[in-house]
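Residue 352 in our numbering sits at position 272 of the sequence shown, and the numbers go up by one each step. Beta carbons are placed, not taken as given, at the ideal position from N, Cα and C, and that holds for glycine. Take a look at the structure below.
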Amino acid sequence: MSNVLITGGAGFIGSNLAHKLVANGDNVTIVDDLSMGKRKNIADIDVTFYEHDVCDHGFMHNLLSKGRFDYIYYLAAVASVADSVERPMATHQINQESVVDTLDYLRTQHLPLKRFLFTSSAAVYGNLPDFPKKESSHVQPLTPYAIDKYSSERYTIDYGQLYDMPTVAVRFFNVYGPRQNPESPYSGVLSIITDCLNSGKTFSLYGDGSQTRDFIYVDDVVNALLTIVDKAPEPDVYNVANGMETSLSEVIRTYEKIAHSQLKMEKKDSRNGDISKSRADVTKLQSLGFKPKWTLESGLKNYWSTYGE
Ligand code: UD2
Numbered sequence: 081m082s083n084v085l086i087t088g089g090a091g092f093i094g095s096n097l098a099h100k101l102v103a104n105g106d107n108v109t110i111v112d113d114l115s116m117g118k119r120k121n122i123a124d125i126d127v128t129f130y131e132h133d134v135c136d137h138g139f140m141h142n143l144l145s146k147g148r149f150d151y152i153y154y155l156a157a158v159a160s161v162a163d164s165v166e167r168p169m170a171t172h173q174i175n176q177e178s179v180v181d182t183l184d185y186l187r188t189q190h191l192p193l194k195r196f197l198f199t200s201s202a203a204v205y206g207n208l209p210d211f212p213k214k215e216s217s218h219v220q221p222l223t224p225y226a227i228d229k230y231s232s233e234r235y236t237i238d239y240g241q242l243y244d245m246p247t248v249a250v251r252f253f254n255v256y257g258p259r260q261n262p263e264s265p266y267s268g269v270l271s272i273i274t275d276c277l278n279s280g281k282t283f284s285l286y287g288d289g290s291q292t293r294d295f296i297y298v299d300d301v302v303n304a305l306l307t308i309v310d311k312a313p314e315p316d317v318y319n320v321a322n323g324m325e326t327s328l329s330e331v332i333r334t335y336e337k338i339a340h341s342q343l344k345m346e347k348k349d350s351r352n353g354d355i356s357k358s359r360a361d362v363t364k365l366q367s368l369g370f371k372p373k374w375t376l377e378s379g380l381k382n383y384w385s386t387y388g389e
């Protein structure tokens, strides 16, 4: 049994991770200010929950000293590119400063730690033509969100290398699955489609549907994180994705068959800054022994069957 801290543990990916760790018998503590997460995401599991902002450094220091965590999964973030463009300074404090402060407290207090994992984003790759995206591809962080994610992942790796700390970082591609919140227009597209299929609302399709993404089911993401935490040989960054590319039109067709219903759609102009193609090179993740269990079809089936539970 390990002591585990998940910041942002009431959010989409964090709560799925928390369910898995609790099922594995771990002792899980969650810090989440519920700005994006929801209490109901973790209502049915036995965790220690603090509704608190990770930018309260005093609170975090006290928790880190008391908790003596074996594993820290750092998922707390304002996970909205649009919000970071509106409020660059406020989101910087959450998406970058809080991470460095935690790393620095762990360093200066010499707290025992088996692994600190930071969660970054494919947003760091920006709009460059290299394809598929390798961890060694050029980066082009185009928004405050992407800049902070890139900076925090570098801090995470560099703290590991400079101070001999067990750190690692990941770059999420397009994650979907249960507990993803569809409420914002910038929510993951599959949570929005699921909500529209379920309620009969009209889906706004930005562009012609030919844009591709590398979709990965959240259960695979959780397993990838557990593999990385366990097996990464040194502080480094890993793409977390399926390694497959699917167009939005194809996703919609597949999902309509699964849901036995037709998505009501309204075509709109492409979104500003939308990328046309995205796919990850997942060689590095596979080299740790990880293989995704879910295809897009089986993942969507499972998501649909559990929706609204
Ligand atoms: C993902 C991240 C984003 C940023 C970006 C960097 C998510 C949810 N978002 O954006 O934070 O890291 O990658 O590249 O992971 N779409 C519609 N209708 C809708 C919503 C979306 O047509 O109602 C389209 C959208 O224009 C895009 C595609 O669906 O072409 C996927 O959108 P998304 O917001 O799920 O993900 P993405 O890859 O644009």
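Ligand 1 heavy atom lying under 7 Å from the CB of residue i
{"i": "residue 257", "result": "no"}
{"i": "residue 286", "result": "yes"}
{"i": "residue 283", "result": "yes"}
{"i": "residue 265", "result": "yes"}
{"i": "residue 328", "result": "yes"}
{"i": "residue 201", "result": "yes"}
{"i": "residue 296", "result": "no"}
{"i": "residue 301", "result": "no"}
{"i": "residue 268", "result": "yes"}
{"i": "residue 119", "result": "no"}
{"i": "residue 254", "result": "yes"}
{"i": "residue 291", "result": "yes"}
{"i": "residue 158", "result": "no"}
{"i": "residue 354", "result": "yes"}
{"i": "residue 320", "result": "no"}
{"i": "residue 161", "result": "yes"}
{"i": "residue 351", "result": "yes"}
{"i": "residue 115", "result": "no"}
{"i": "residue 227", "result": "no"}
{"i": "residue 272", "result": "yes"}
{"i": "residue 232", "result": "no"}
{"i": "residue 95", "result": "no"}
{"i": "residue 217", "result": "no"}
{"i": "residue 341", "result": "no"}
{"i": "residue 279", "result": "no"}
{"i": "residue 164", "result": "no"}
{"i": "residue 358", "result": "yes"}
Span of the alpha helix (DSSP H), counted from its first residue to its last, around residue i
{"i": "residue 345", "result": "Counting along the chain, residue 345 falls outside any alpha helix (DSSP H), though it belongs to the beta strand (DSSP E) covering 345–348."}
{"i": "residue 92", "result": "92–103"}
{"i": "residue 139", "result": "137–147"}
{"i": "residue 193", "result": "From DSSP, residue 193 is part of no alpha helix (DSSP H); its letter is neither H nor E."}
{"i": "residue 322", "result": "Premise fails: residue 322 is in no alpha helix (DSSP H) and is neither H nor E."}
{"i": "residue 111", "result": "Run containing residue 111: none in the alpha helix (DSSP H); it sits in the beta strand (DSSP E), 107–112."}
{"i": "residue 273", "result": "269–279"}
{"i": "residue 371", "result": "Where residue 371 is concerned, there is no enclosing alpha helix (DSSP H), given that its DSSP letter is neither H nor E."}
{"i": "residue 208", "result": "From DSSP, residue 208 is part of no alpha helix (DSSP H); its letter is neither H nor E."}
{"i": "residue 241", "result": "224–243"}
{"i": "residue 221", "result": "Per DSSP, residue 221 belongs to no alpha helix (DSSP H) and is neither H nor E."}
{"i": "residue 170", "result": "168–172"}
Sheet register partners of residue i (DSSP bridge)
{"i": "residue 158", "result": "According to DSSP, which records beta bridges pairwise, residue 158 is partnered with nothing at all."}
{"i": "residue 213", "result": "360"}
{"i": "residue 296", "result": "255"}
{"i": "residue 200", "result": "251"}
{"i": "residue 84", "result": "108, 151"}
{"i": "residue 335", "result": "Answer is none; residue 335 lacks a bridge partner."}
{"i": "residue 318", "result": "250"}
Exposure of residue i, with buried meaning 16 or more beta-carbon neighbours within 10 Å
{"i": "residue 392", "result": "Summary: the structure shown does not reach residue 392, with the chain confined to residues 81 through 389, and so no result is reported for it."}
{"i": "residue 390", "result": "No information on residue 390 is available, as it lies outside the stretch 81 to 389 that the chain covers here."}
{"i": "residue 369", "result": "exposed"}
{"i": "residue 245", "result": "buried"}
{"i": "residue 233", "result": "buried"}
{"i": "residue 209", "result": "exposed"}
{"i": "residue 169", "result": "exposed"}
{"i": "residue 128", "result": "exposed"}
{"i": "residue 218", "result": "exposed"}
{"i": "residue 340", "result": "exposed"}
{"i": "residue 346", "result": "exposed"}
{"i": "residue 190", "result": "exposed"}
{"i": "residue 138", "result": "exposed"}
{"i": "residue 383", "result": "buried"}
{"i": "residue 211", "result": "exposed"}
{"i": "residue 57", "result": "One cannot answer for residue 57 here, as it falls past the ends of the chain, which runs 81 to 389."}
{"i": "residue 353", "result": "exposed"}
{"i": "residue 81", "result": "exposed"}
{"i": "residue 120", "result": "exposed"}
Span of the beta strand (DSSP E), counted from its first residue to its last, around residue i
{"i": "residue 285", "result": "283–286"}
{"i": "residue 247", "result": "247–252"}
{"i": "residue 130", "result": "128–131"}
{"i": "residue 382", "result": "Not the beta strand (DSSP E): residue 382 falls in the alpha helix (DSSP H), residues 376–386."}
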